[in-house]
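Inspection log for the structure reproduced underneath, given as structure tokens.
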Ligand code: C2E
Ligand code: MG
Ligand code: MG
Ligand code: MG
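Numbering (UniProt numbering), first residue to last: 293 to 577.
Next up, the structure:
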């Protein structure tokens with residue numbers, strides 16, 4: 293009887309694995325076609341200077357508009373792309389698209405902003421990453437100081453010694469480096485001083501809990517103080533409320549990124565913000 297039950301459970305387990313990987317297989321196939329079919333788009337979320345209310349930068353975030361399934365979140369397909377290696381051609385396309393766009397806005401006479409592009413672990417460890425970036429900057433004509441690369445804490449900490457070398461090479465190109473989702477990985481504080489990066493992005497999980505959770509507020513304050521002593525700029529991710537905004541204003545945070553100002557926007561919608569024809573909450577108050 294027990295064996296029978298066990299078997300059923302086992303078969304159910306196998307069946308569910310079967311469907312999952314079948315679904316994944318299909319998604320992987322569609323992912324590859326999607327690039328050719330131009331189903332990807334890059335959205336831009338403003339990064340706002342808390343003192344001046346100016347849009348100083350934007351994070352480039354990929355979007356997939358699937359012909360039948362509609363919008364598929366990057367949290368669903370980026371891990372898959374990372375697993376299959378497809379992140380390499382996709383990531384190159386995103387990087388190029390974002391650089392072309394940033395340069396295009398400058399050429400059109402809009403205020404220059406820095407564009408931040410996410411790099412996954414696979415991309416970060418790809419050989420000739422520096423050369424690829426040099427080539428993209430050359431092709432698009434974008435000044436390196438207007439490019440920022442976002443790497444998660446976990447990506448960098450996977451192999452800190454290699455990361456130090458790669459980051460130094462990237463920084464020598466004149467681009468900016470930020471550590472994304474800070475506080476969620478397993479940063480060794482001893483490496484923090486050695487890693488050549490410029491910006492620290494406080495993860496949304498701290499931001500969204502700090503007004504209800506005094507401990508998280510204390511940790512966030514400590515992160516801000518540490519970053520300031522290390523001469524790093526700080527960006528708070530996922531700011532949604534005025535109370536959260538006030539907290540960061542009071543703690544001299546450099547930039548804010550979050551729904552309170554704006555969700556990620558399509559290129560034409562972002563252009564309206566940049567040209568000043570659409571105002572964000574801080575600048576109008
Ligand atoms: P991330 O790099 O930490 O990006 C920030 C995420 O937080 C974005 O989700 C953004 O839409 C979301 N967000 C921003 N402000 C708020 C807010 O106020 N409230 C809430 N609830 N969310 C907010 P998105 O675009 O879904 O991307 C999720 C993750 O997928 C990114 O996290 C990043 O890890 C990955 N990703 C997205 N685009 C790319 C890409 O082009 N390349 C790579 N390698 N990864 C990407
Ligand atoms: Mg990011
Ligand atoms: Mg993040
Ligand atoms: Mg994230």
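Virtual Cβ for every residue (Gly too), placed ideally from N, Cα, C.
{"Check": "Output needed for residue 380: all residues of its chain with C-beta closer than 7 Å, excluding positions within five of it in sequence on either side, in chain order.", "Outcome": "414, 415 and 418"}
{"Check": "Is residue 529 near ligand 3, with its Cβ less than 8 Å from a heavy atom?", "Outcome": "yes"}
{"Check": "In whole angstroms, give me the CA-to-CA distance for residue 412 and residue 480.", "Outcome": "20 Å"}
{"Check": "Pick helix, strand or coil for residue 556, following the three-state DSSP scheme.", "Outcome": "coil"}
{"Check": "I need the straight-line Cα distance from residue 474 to residue 513, nearest angstrom please.", "Outcome": "13 Å"}
{"Check": "Kindly list the residues whose CB is nearer than 6 Å to the CB of residue 564, restricted to its own chain and excluding five residues on each side of it in sequence; keep chain order.", "Outcome": "570"}
{"Check": "Quick check: what's the CA-CA separation for residue 519 versus residue 430?", "Outcome": "32 Å"}
{"Check": "Going by beta carbon distance, what residues of the same chain come within less than 6 Å of residue 333, once the five residues before and after it are set aside?", "Outcome": "355"}
{"Check": "So for residue 335, helix, strand or coil by DSSP?", "Outcome": "strand"}
{"Check": "Less than 9 Å separating the beta-carbons of residue 439 and residue 425?", "Outcome": "yes"}
{"Check": "Rounded to a whole number of angstroms, what is the C-alpha to C-alpha distance between residue 441 and residue 395?", "Outcome": "16 Å"}
{"Check": "Leaving out five residues before and five after residue 465 in sequence, what residues of the same chain have Cβ atoms less than 8 Å from its Cβ?", "Outcome": "422, 425, 426, 429 and 436"}
{"Check": "Does the distance from the CB of residue 536 to the CB of residue 500 come in under 9 Å?", "Outcome": "yes"}
{"Check": "For the segment 415-444, which segments carrying the alpha helix (DSSP H) assignment without a break, of at least 4 residues, lie completely within its bounds, in sequence order?", "Outcome": "421-432"}
{"Check": "Report the rounded CA-to-CA distance for residue 521 versus residue 485, giving the unit in angstroms.", "Outcome": "10 Å"}
{"Check": "Please confirm whether any heavy atom of ligand 2 lies closer than 8 Å to the CB of residue 348.", "Outcome": "no"}
{"Check": "Is any non-hydrogen atom of ligand 2 found closer than 8 Å to the C-beta of residue 375, if you look at the structure I gave you?", "Outcome": "no"}
{"Check": "For residue 612, I'd like the list of residues in its chain whose CB is within less than 8 Å of its CB, leaving aside the five on either flank, ordered along the chain.", "Outcome": "Because the chain spans 293 through 577 in this model, residue 612 falls outside it and cannot be assessed."}
{"Check": "Skipping 5 residues on each side, what residues in its chain have a beta carbon closer than 7 Å to that of residue 264?", "Outcome": "The requested residue 264 does not occur in the structure, where the chain is confined to residues 293 to 577."}
{"Check": "Going residue by residue through the segment 448-511, where are the continuous beta strand (DSSP E) segments of at least 3 residues, counting only ones entirely within it?", "Outcome": "468-474 and 491-494"}
{"Check": "Specify, as a first and last residue, the run of the beta strand (DSSP E) that residue 383 falls within.", "Outcome": "Looking at the DSSP string, residue 383 is not in any beta strand (DSSP E); the run it does join, the alpha helix (DSSP H), is 379-399."}
{"Check": "Distance, Cα to Cα, residue 492 vs residue 323?", "Outcome": "31 Å"}
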